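Asks: Please read through the structure below; I'll follow up with questions.
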Amino acid sequence: MNWLIAILQTALFVALAPLLAGFMKFCKCRLQNRRAPSLLQPYRDLLKLTCKQPVISEDASWLFCVAPYIIFTAMVLAASVVPFIAVDLPTSAEADVIVLVGFFAFARFFLALAGLDIGTAFGGMGSSREMTISSLAEPAMLMAVFTLTMTASTTNLSGAMEYILSEGVVLRPSFVFALFALLLVAVAETGRIPIDNPTTHLELTMIHEAMILEYSGRHLALIEWASQLKFMLYGVLISNIFFPWGIAESFGLSALGYGLLVISGKLILLCIFLAFTETAVAKMRLFRVQEYLGFAYLLGLLGMLSHIILESTR
Amino acid sequence: MILFLAYSAVLLSFASGGVAIAHLYKPEVNKQLVFWLLGASGLMAIFAGLGELIYPEIRLDTLSLGLPWIPWHVHFDSLSAFFFLIIGIAVFAVSLYAPHYTHHEQKNAENFAVLSLFTGLFVAGMMLVLLADDAFMFMIAWELMSVASYFLVAFQHENAANRRAAFLYLLMAEVGALLIILAFGVVASFSDGFTFDALRASTIPTTWMSIAFVLALMGFGMKAGLVPIHVWLPEAHPVAPSHISALMSGVMLKVALYGLIRFCFDLLPEVHWQWGVVLLIVGTVSALSGILYAMMQQNLKRLLAYSSVENIGIIVMVLGLSMIFLANDHEELATLALLAALFHAFNHALFKNLLFLGAGMIHHQTHELNIDMLGGLIKRMPKTSVIFLIGCMSISSLPLFNGFVSEWLAFQTALQVDVLDNGVLRSLIPVSAAALALTAALAAACFVKVFGLIFLGVPRSRHAEKAKEIEDKGMLAAPAILAFLCFFFGIFPSSILHLIDNVAKQLLGSNLPTEATLSLFSLVPVAPHEASYAAPLILIGALIAAGSVFWLLTRNSETTMRIAPTWDCGFGGLTPRMQYTSSAFTMPLRRIFAPAFLIDEKVEKTMRENTLQNVADVRYTLHIQDHCWVRVYQPIERGVNVVTKQVGRIQTGNIRTYLGYSLATLILLLWVVSL
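Just so you know, the protein sequences line up as chains F and Z, in that order.
Once you know that position 191 of the first sequence is 191 in our numbering, the rest is easy, because the numbers rise by one and skip nothing.
Once you know that position 438 of the second sequence is 752 in our numbering, the rest is easy, because the numbers rise by one and skip nothing.
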């Protein structure tokens, strides 16, 4: 039974990811005085892509065709680990937050390889930049996450959320730092303004788009869906770790429904916040990114130190 | 029985060297016997290691070799057995790989004899180090290992650069050996004898104990390749034949770690947390600078050598954690840290061996090790590429592969820091854990570069274009076995962790935390509610998810793939030179971490007909140097030169002066005696 709920939750997560991307686009369009496409547009795009015949370069190898499936699978696995509607599901015991970071690394590894596979300059450029940014973002993310896991003394996401729920509303300075660090990392890792612009096709600014330039058809659909999943994963992670209240602690139908309602609300608020920042901030030069991520790392470190100095029970 | 297996492993590798000599004088001796014996030696070592690890017991023996009044004391405990297992696996793989790889050398009987003799001696030396139970035997075996490997590094001595690298290696090895002798000497001076039992029983003041620790750290660190005493590694590894580099990087560095663990955790009567901090810092610095330098290399084997520095750094860092926990009376966490360190050592032996053998395969087929001259090999060498990809994924510590499990355990140990009382330690350890995260992420970037530029894209040179798959079965089987083990221990890590747990039990006399379980399906390092990792479940989930998506998306037969030329933006003429190169790929990181390197970057432009815009020719040179080389070694080298020149002044070449020296010495001695 628990396994069934866990699998259903994962399926729901995967199914809702394009909707969240659509809503994000909607918010941005409204803020920029444009008419927004329908919320279902991402689904239509995905469906259209899967019905198209994929065109593969003659220089592509098998890795190019396999990579989209691997990337998508890694994101689905990540989605199964993150508590979305309910905590204490059996899937959360199979992997903890460090493994979650490992899943992201897995997907990124193959995405970067796929970028290099065709042998064009664009792909190499995208891979190089992506690996650079992610290798700076990963320690910042782990620093922020370690602050949480040390407070809750568990790296299990479900366990950490239960701990925070049981403690009630406590203002911890370390969590404030960690929240901001994780927000900065999330923006960098999901390829949004000011680090990368998902709507650009200008060679000087592309990162994610440069890597997937050669993809078409169902392969492109999988990669697009995977990046929508990644966006949602970070969103759920941030909202549920720092504000877990409302998440279902039992598996009754009403509790689960309430949990879904609450997490939708949290994600909507987060999207509106992100849309505001994306509209207000301009894209950053590539070689300013290390300052940005260095700042995120510093925030994570401050969070860790304030946990050790101010909050630790010893 | 198990000791007999261990002895026969040593004797078989000696015999393998002996057969090579016999073949030189009597060509009718089958030279393939060399590899058969080496393989048998590897198998025996595996059996001995497994046997001891499954039935842990300290086995002692005395051999009446060496000096008449000092017999060799032999022991075989779990720690030795664990490293025996590592040697066994590596030697077995090499024995499958070498027959085809060395077929050029086999044409010249003398070259072949030299190579095989010293390989045999080298392997035997490493095994004897593990068996040694007294400082004498340890040092003799250590020197056998060092000197034999010197001849292997110097094997292609026609090239002046190789001779220089080999000399540097010998120099560092001998300085390291001197430091180890001093370390043993310090401990031995407080005990009655040189056997390990006597050393363990010594009552030694803390100051002297710390001095011994520092000497041992420097001595073993020189061999293991810790920063800043790592410079021989990137010089010596690329010039040795690939299967030898695999043994040196995969195994010999581990033997140095064995020495460090044996000395610090076993021989010294107690450990101090300050030493742990030293190891933690040295390890972190090694890991970070190792991977940063690795990233900048163009020569594949140099890159792998620097990556060994990184991995040794990680292992030493986790050993430091273990020491800190042990000194603070958290034995169960010290056990966990030791488990993580030893498991990472095991994993590194597997994947680094695999990658060096892979580098040898690439070199064998293309005669090229420069990453910028390769490309597109995935189509030309499909089997090699899959094997190499598994190695790259393991070393980048991706989930489902073995490298991930050991780093995950390291993180779990580091996060237990809340049990410590010391505030400095509690903030230092998470910072080094974050440095470990940075290292892992950079390693992934580095190996994306390696695999992407070598195997993917379009060939950048004629050699790469004409490359063919390796046909020899043994040469493919050796790395394939290692790749399988990397995957197997990534999915079922507990199968080996149980054995390593026995090592930790015997060495520290303590168990894992009470709630920890190492079941086949799930790994719980501390307690179930704290963290767990169930690789088999993840694999099953991944297979189901990927399979169902694949089935759903490929059902529509109208959407079969169409092959077309690469889109060239309408300009035409895409050439392989438009691809990203190694230095282009790492340029952002080079710029971000610029202070870590000594970069010499030049762009020379020649203009056409004295115009300012019309560029005729651009020449770009990039030279990246190791800070340590310029900041540490060159001053020492200059200092030694100055001192020797001063000393040289007393050599006048005049017989009267030398007679005068003799007289002065005689008078001095008489005066000393008369006191």
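Every residue gets a Cβ at the ideal spot worked out from N, C-alpha and C, and that includes glycine.
This one's a predicted model, so the numbers in the text were calculated from it and none came from an experiment.
1) Let me confirm a value: Asn816 (chain Z) is counted as buried when at least 16 other C-beta atoms fall within 10 Å, else exposed. Which label applies?
2) Which chain Z residues sit within Cβ distance under 9 Å of Tyr258 (chain F)?
3) Return the CA-CA distance between Asp735 (chain Z) and Gln820 (chain Z), expressed in angstroms with no decimal places.
4) Below 8 Å on the Cβ atoms is my contact criterion, and I expect Trp386 (chain Z) with Met451 (chain Z) to pass it. Report the Cβ-Cβ distance as a whole number of Å.
5) How is the beta strand (DSSP E) around Leu377 (chain Z) delimited, first residue to last?
6) So, with DSSP's three-state summary, where would you put Ala781 (chain Z)?
7) Measuring alpha carbon to alpha carbon, tell me which of Z:Ile629, Z:Gln960, Z:Phe579 and Z:Asn661 ends up nearest Phe798 (chain Z).
8) Give the straight-line distance between the Cα atoms of Leu656 (chain Z) and Ala446 (chain Z), rounded to the nearest whole angstrom.
9) Any beta carbon of chain Z sitting closer than 8 Å to that of Met125 (chain F)?
10) For Val541 (chain Z), write down the residues that DSSP places opposite it in a beta bridge.
11) For Trp62 (chain F), which option in Z:Gly771, Z:Leu364 and Z:Pro949 has the closest C-alpha, if you only look at C-alpha atoms?
12) Measure the Cβ-Cβ separation of Tyr464 (chain Z) and His557 (chain Z) and say whether it is below 8 Å.
13) According to DSSP, is Ala36 (chain F) part of a helix, a strand, or is it coil?
14) What are the boundary residues of the beta strand (DSSP E) that Ile854 (chain Z) is part of?
15) Using the rule of at least 16 other Cβ atoms within 10 Å of the residue's Cβ for burial, across every protein chain shown, is Gly402 (chain Z) buried or exposed?
16) Using the Cα positions of Ile454 (chain Z) and Gly126 (chain F), report the straight-line distance between them to the nearest angstrom.
17) Taking 8 Å as the cut-off, decide whether the C-beta atoms of Ala329 (chain Z) and Glu366 (chain Z) are in contact.
18) Is the Cβ of Met1 (chain F) closer than 8 Å to any Cβ of chain Z?
19) If you compare alpha carbons, which of F:Pro90, F:Ser254, F:Ser158 and F:Ala296 is closest to Val236 (chain F)?
20) Listed from N- to C-terminal order along the chain, which residues in the region 727-754 of chain Z have their beta-carbon within a distance smaller than 8 Å of any beta-carbon of chain F?
21) Take Val632 (chain Z) and list the residues in its own chain whose beta-carbon comes closer than 6 Å to its own, dropping the five residues that flank it on each side.
22) Please report whether the beta-carbon of Lys780 (chain Z) lies at a distance below 8 Å from any beta-carbon of chain F.
23) So what does DSSP say about Arg905 (chain Z), is it helix, strand or coil?
24) Comparing alpha-carbon positions, which option in Z:Ala479, Z:Ser516, Z:Gly573 and Z:Ser563 lies nearest Ala550 (chain Z)?
25) Can we say the region 271-287 of chain F touches the region 137-155 of chain F, given the rule of at least three CB pairs closer than 8 Å?
26) Taking the alpha carbon of Leu357 (chain Z) as the reference point, which residue from Z:Ile316, Z:Ile877 and Z:Leu529 has its own alpha carbon closest?
27) Would a C-beta distance cut-off of 8 Å place Ala753 (chain Z) and Ile626 (chain Z) closer than the cut-off?
28) Any C-beta of chain Z sitting closer than 8 Å to the C-beta of Glu197 (chain F)?
29) What three-state label does DSSP hand Tyr415 (chain Z) in the structure shown?
30) Where does Gly953 (chain Z) land, buried or exposed, given buried means 16+ other C-beta within 10 angstroms?
31) If I'm right that Val101 (chain F) touches Met131 (chain F) with Cβ under 8 Å, what's the distance once you round it to whole angstroms?
32) By the 7 Å beta-carbon criterion, what residues does the region 91-121 of chain F contribute toward chain Z?
33) So that I know if they touch, is there some Cβ in chain F lying closer than 8 Å to that of Met892 (chain Z)?
34) How many whole angstroms separate the CB atoms of Leu270 (chain F) and Ser239 (chain F), which I take to be in contact at a CB cut-off of 8 Å?
35) According to DSSP, is His551 (chain Z) part of a helix, a strand, or is it coil?
36) Starting from Met211 (chain F), follow the alpha helix (DSSP H) in both directions and report where the run begins and ends.
Replies: Judging by the given coordinates:
1) buried
2) Residues of chain Z passing the Cβ test: none, with the nearest at roughly 25 Å.
3) 27 Å
4) 4 Å
5) Arg373 to Leu377
6) coil
7) Z:Asn661
8) 20 Å
9) yes
10) None; Val541 (chain Z) has no bridge partner.
11) Z:Gly771
12) no
13) coil
14) Residue range Ala849 to Leu867 is occupied by the alpha helix (DSSP H) that includes Ile854 (chain Z), with no beta strand (DSSP E) assigned at that position.
15) Of the residues assessed, Gly402 (chain Z) falls on the buried side of the cut-off, its CB having 16 or more other CB atoms within 10 angstroms.
16) 53 Å
17) Result no, Cβ atoms of Ala329 (chain Z) and Glu366 (chain Z) do not sit closer than 8 Å.
18) no
19) F:Ser158
20) Leu729, Val731, Asp732, Asp735, Gly737, Arg740, Ser741, Pro744, Val745, Ala747, Ala748, Ala749, Ala751, Leu752 and Ala754
21) So the list reads Ala651, Ala654, Ala655 and Ala724, once near-sequence residues are dropped.
22) no
23) Note: Arg905 (chain Z) maps to helix in three-state DSSP.
24) Z:Ala479
25) Touching, no.
26) Checked all of Z:Ile316, Z:Ile877 and Z:Leu529; the closest Cα to Leu357 (chain Z) is Z:Ile316.
27) Looking at the sequence provided, one finds Thr at residue 753 (chain Z) rather than Ala. Not closer than 8 Å, so no.
28) Correcting the residue identity first, residue 197 (chain F) is Asn in this sequence and not Glu. No - not a single Cβ of chain Z is within 8 Å of the one on Asn197 (chain F).
29) helix
30) exposed
31) Rounded to the nearest angstrom, the Cβ distance from Val101 (chain F) to Met131 (chain F) is 15 Å, too far for a contact under 8 Å.
32) Ala93, Glu94, Ala95, Asp96, Ile98, Val99, Gly102, Phe103, Ala105, Phe106, Phe109, Ala112, Leu113, Leu116, Asp117, Ile118, Gly119, Thr120 and Ala121
33) Closer than 8 Å: yes.
34) 6 Å
35) Under the three-state reduction of DSSP output, His551 (chain Z) falls in the helix class.
36) His208 to Met211
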